[in-house]
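Enquirer: The listed protein sequences correspond, in order, to chains A and B.
According to numbering that gives the first Met the number 0, the first sequence is numbered sequentially starting from 0.
According to numbering that gives the first Met the number 0, the second sequence is numbered sequentially starting from 0.
Please see the structure below; I have some questions.
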Amino acid sequence: MDLPSGIRNYTYDRDMAIFRTKTHWSMLLILFVILGTLPLYLDNHWLSVANLIGITIIAATGLNILIGYCGQLSIGHAGFIAVGAYTSAVLTNRLELPFLVGLISAGLLSGFIGVVFGIPSVRVKGFYLAISTIAAQIIIIWIINHWESVTGGFNGIVVPPAKIAGITFVSQGSQFYLIIGIAILVIFFAKNLARTRVGRAFIAIRDNDLAAEVMGINLFRYKLLAFFIGCFLAGIAGSLLAHWIGFMNTENFRLTESILYVGIIIIGGLGSTIGPILGVVFIRLLEKGISFLAPTLESTFDLPAGFTTGIGPMVFGIVIILFLILEPRGLAHRWQLFKASYRLWPFSY
Amino acid sequence: MKFKKVLKIASIVCLALVVVVTSIIGTACGGSTDTDKTVKVGFSICYTGVAAEKGRPMGDAKLDCIKYINEELGGVNGYEIEVIWRDNQYDASKAATIINELMDADTLMFTTNSSAMMTASAEIANRQAFPGFAVFSTPALTNPPQHIYAQMPDYGDDWAAFANYFLENIWAGTGKPKMALHLLNNSTGAGAKAAAEALADDLGIEIVSIEEHDATTISEIDSITRIMAQEPDILYISSTPQPTSIIIQNAVEKGLYPGVTIGCGHASFTSVLVELAGADAEGVYGVFPTVNWDDSAPAMAKMTEYCQEYHPEHYGNMDYITSWAEGLIVAEILRLALENAGIDNLTPQIVEEQGFKKLDNFDVGGLHGPVSYTPGDNRLAKSVRVFQVQDGEIVPITGWVEAPKIPYQFD
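In structure tokens:
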């Protein structure tokens, strides 16, 4: 990792640390203070947006491990999120099990099902693998819709609020602490995973799976492990989504959602920890901005009702296209450039 | 490289402009929200997304109606109705953030067009006792009744009304008529299925086939083939216009129709269906809870005037009628709450108790059946009519048919 001018590491431990300078620690502290006090100055609406961002970050981080690190293209991520959401919903509603049991089970079942659908990855890759993951999405949603006695079918299922040690997470503020807390853990896990033997094996497989196999990396094992981790995190996100919305039906998990997740990690920057975070924040805030812009324009300029609704999809599409043309390495690359320039400041030349 | 540089500069300028314009407009609009002569309501509208074919005319209609109420009637009891509307894009997670936004914005109640978007908002609203109603609804939304209401009879009521009409007026055979269901794979289809499961045996109808389709289907030849093998007497479709038109066209192509009787639920039975299916839709029956365009109804003239002035493209679309009526119901709920509780005491909970629950035979300008609250039944209007496509027009063939509450058992 690059360091500011004049700073060196004298031990291996220090060299391996994620936060190494006082500036790093100070910024981390400031970030935690901001996050910790956010419910004090945000209203329910913006907290709900923050909660959606947190849930999306968890799911996108899982997909980034799968696609960004290990190179296994998946367009069925919303299906795996659905598995987590329904697992948690069924366990806490029908069986009245504690939320934490639902949460962990959601991750595990999602991860297991991800492994099942990941088996084709040993034989196929690229677009062929993408198609097999689309099949996963279709099969999962079909089963959920038709297993009515358990999932409620098309009518859906009510999900009770999350409850841990007597604390019920009903308000947007309390849910924010739960969701952001888990999101931070997930980001920390993903950051460290990339620096382990497993993470390096993922990257080797992504860059050249044949070469990786020659070097002794067990492709079958590591590819399935990537599916398990990616889908485990999707399951965790699904569980949180279910308890946040309070009601689940499969309308929440369309194929377009899966495609959106791929778009998010491409815009954020594949193969970096910060990428999914930036991508999610960018996309979710863009959506909010657009949803605010249309009615505001109409009321300001006294336009006919519904006149401006078309600008939403239009702006959204244009921004994504421009982004892909101008910064295909994603926001994470911009962030790296910004950090590099700051690192040399005021002597950057 | 030069092209990329120009593109980069252009995009940065565009983004900067969007940010600047948004903030200027946002600041400019800030003052109007603080006036004390307004009552706020929230509309979560699926203007874009896969249900835009219904969301757009409905969104336009309700906003036109509120404009009419504010500008020509002077608002409600002298208070202007201030609308905060958001496009939910028919996306559940967006609908969940929108319902929080509407609650934060101190709106007194909210509405959604579709049952799907209401299901995404309902639990959050119910937990906060924040009242709202869905224009189109599914039985699961109001069973058991909480703080969410249905403007009109639901998709299950459609099925029951059509089944009764068929048995009394069309069926001339012996024994039980055989019915095939073709259902959209969401709550629109699930509502009809729930009613069929609850009532078919009692009515004496045999359900021989249940097929599902997607909102974006482009061919239903396979499912029609399977249905034909069961030799049904009736094909009942509970879906939206586009997939319904595909099913009808495929039924004609395969020779299933004419021959069987086709009935449709109200989510699909609009002028859009007739436009899409063309001559193939001739003779198809449908259930709809409103009057038709150009029918004699007190509210028809003003609604037609606004539609033709602001949104002539929706003229003839019955979804416009339903949401014009929605605007009138919102105004009536607010009027009752204002009269019963006074402006200073208005909260969402007061609006539910003194507005929603005080509705008693409110006449929606004759656009649909009277609107009443009945304890234990959160459907506000409880009657439908049966229509038929005749010479390319949707023509009513019955008067108002009462839709009794069906005893559903949902979790």
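We treat Cβ as the ideally placed atom computed from N, Cα and C, and that holds for glycine.
Only counting the same chain, and skipping five residues up and downstream in sequence, which positions put a Cβ closer than 7 Å to that of G70 (chain A)?
Expert: Excluding residues within five positions, the ones whose Cβ falls inside 7 Å are I204, R205.
Enquirer: Closest to N248 (chain A) by C-alpha separation, out of A:V89, A:G229, A:I320, A:G268, would be which residue?
Expert: Looking at the Cα atoms, A:V89 is the closest of the given residues.
Enquirer: Where does W158 (chain B) sit, in a helix, a strand or coil, going by DSSP?
Expert: In this structure, W158 (chain B) counts as helix in the three-state DSSP scheme.
Enquirer: Using 8 Å as the limit for Cβ to Cβ distance, is A189 (chain B) near chain E?
Expert: Given the protein chain composition of this structure (A and B), no chain E is represented.
Enquirer: Got a sec? Which residues, its chain only, sit under 6 Å from S222 (chain B) by beta carbon, not counting five neighbours each side?
Expert: Counting only Cβ-Cβ distances below 6 Å, and skipping sequence neighbours, we find E210.
Enquirer: Give me the chain A residues within the contact set of I123 (chain B), using Cβ-Cβ distance strictly less than 8 Å, ordered along the chain.
Expert: Result: I244, G245.
Enquirer: Taking 8 Å as the threshold (beta carbon to beta carbon), is F212 (chain A) in contact with chain B?
Expert: Inspection of the sequence shows that residue 212 (chain A) is occupied by Glu rather than by Phe. Taking Cβ atoms only, chain B never reaches closer than 8 Å to E212 (chain A), which makes this a no.
Enquirer: Would a C-beta distance cut-off of 8 Å place G364 (chain B) and S382 (chain B) closer than the cut-off?
Expert: Contact flag unset, no.
Enquirer: What residues from chain A crowd round T96 (chain B), counting only those whose CB sits closer than 8 Å?
Expert: Here the neighbours are H44, S47, V48, L51, K287.
Enquirer: Does DSSP put D376 (chain B) in a helix, in a strand, or in coil?
Expert: Residue state, collapsed to three classes: strand.
Enquirer: Looking at chain A, which residues of the segment 304 to 337 of chain B have a Cβ within less than 8 Å of any of its Cβ atoms?
Expert: Within the segment 304 to 337 of chain B, the residues whose Cβ lies closer than 8 Å to some Cβ of chain A are Y309, H310, listed in chain order.
Enquirer: Between the segment 104 to 129 of chain B and chain A, which residues of the former have CB atoms less than 7 Å from a CB of the latter, in chain order?
Expert: Answer in chain order: A115, T118, A119, A121, E122, I123, R126.
Enquirer: Look up C263 (chain B) in the DSSP assignment and say whether it is helix, strand or coil.
Expert: Note: C263 (chain B) maps to strand in three-state DSSP.
Enquirer: If you draw a straight line from the C-alpha of F31 (chain A) to the C-alpha of A233 (chain A), how long is it?
Expert: The straight-line gap from Cα to Cα measures roughly 24 Å.
Enquirer: Taking three-plus beta-carbon pairs below 8 Å as touching, is the segment 138 to 155 of chain B in contact with the segment 186 to 206 of chain B?
Expert: Yes: the two stretches touch, three or more of their Cβ pairs being nearer than 8 Å.
Enquirer: Could you give the residue range of the beta strand (DSSP E) that holds D86 (chain B)?
Expert: Note, D86 (chain B): beta strand (DSSP E), 79 to 86.
Enquirer: Quick one: using the 10 Å Cβ neighbour count with 16 as the cut-off for buried, is K338 (chain A) buried or exposed?
Expert: K338 (chain A) comes out exposed.
Enquirer: Out of curiosity, what's the CA-to-CA distance linking I317 (chain A) and F281 (chain A)?
Expert: Computed Cα separation, rounded: 14 Å.
Enquirer: Just mark E250 (chain A) as buried or exposed, buried being the case when its beta carbon has 16 or more other beta carbons within 10 Å.
Expert: Classification for E250 (chain A): buried.
Enquirer: Can you tell me whether I166 (chain A) is buried or exposed? The criterion is at least 16 other CB atoms within 10 Å of its CB, across all chains shown.
Expert: Classification of I166 (chain A): exposed, given that the 10 Å Cβ count is below 16.
Enquirer: Identify, in the order they occur along the chain, each residue of the same chain with its Cβ nearer than 7 Å to the Cβ of N43 (chain A), setting aside the five sequence neighbours on each side.
Expert: Excluding positions up to five away in sequence, the list reads Q171.
Enquirer: Taking Cβ-Cβ distances shorter than 9 Å, what residues in chain A pair up with R85 (chain B)?
Expert: Residues of chain A passing the Cβ test: S290, F291, A293, P294.
Enquirer: Exposed or buried, which one is T111 (chain B) when buried takes at least 16 other CB atoms within 10 Å?
Expert: By the neighbour-count rule (16 or more Cβ atoms within 10 Å), T111 (chain B) is buried.
Enquirer: So, for N339 (chain B): in the same chain, excluding its five sequence neighbours on each side, which residues have a beta-carbon less than 7 Å away from its beta-carbon?
Expert: Around N339 (chain B): Q353, K357.
Enquirer: With DSSP collapsed to three states, give me the class of S257 (chain A).
Expert: DSSP places S257 (chain A) in helix when its eight states are reduced to three.
Enquirer: List, in order along the chain, the chain A residues whose C-beta lies closer than 7 Å to that of N99 (chain B)?
Expert: Going along chain A in sequence order, the residues near N99 (chain B) (Cβ under 7 Å) are N43, H44, S47, Q171.
Enquirer: Per DSSP, what are the beta-bridge partners of A133 (chain B) in this structure?
Expert: In the DSSP output, where bridge partners are listed per residue, A133 (chain B) has B:T111, B:A149.
Enquirer: Compare the C-alpha of L335 (chain B) against each of B:Q88, B:D153, B:I44, B:L107 and name the closest.
Expert: When only C-alpha atoms are compared, the closest one is B:L107.
Enquirer: Considering only C-alpha positions, which residue in the set B:A228, B:M117, B:G254 is nearest to F135 (chain B)?
Expert: Cα-wise, what sits closest to F135 (chain B) is B:M117.
Enquirer: When we look at the beta-carbon of T10 (chain A) and count the other beta-carbons within 10 Å, is it buried (16 or more) or exposed?
Expert: Flag for T10 (chain A) reads exposed.
Enquirer: Would you call the CB atoms of Q150 (chain B) and A133 (chain B) closer than 8 Å?
Expert: Yes, these two residues count as a Cβ contact at 8 Å.
Enquirer: Determine the extent of the alpha helix (DSSP H) in which K388 (chain A) is found, giving its start and end residues.
Expert: With chain A covering 0 to 348 only, the question about residue 388 (chain A) has no answer from this structure.
Enquirer: What is the C-beta distance between I244 (chain A) and A95 (chain B), in whole angstroms, given that I count them as a contact (C-beta under 8 Å)?
Expert: Yes, they are in contact, since the Cβ atoms of I244 (chain A) and A95 (chain B) sit about 5 Å apart, within 8 Å.
Enquirer: How many whole angstroms separate the CB atoms of F165 (chain B) and I233 (chain B), which I take to be in contact at a CB cut-off of 8 Å?
Expert: About 6 Å; that satisfies the 8 Å criterion.
Enquirer: Do G329 (chain A) and G237 (chain A) count as a contact pair if the criterion is CB distance below 8 Å?
Expert: Contact flag unset, no.
Enquirer: Identify whether P395 (chain B) lies in helix, strand or coil by the three-state DSSP scheme.
Expert: Correct three-state label for P395 (chain B): strand.
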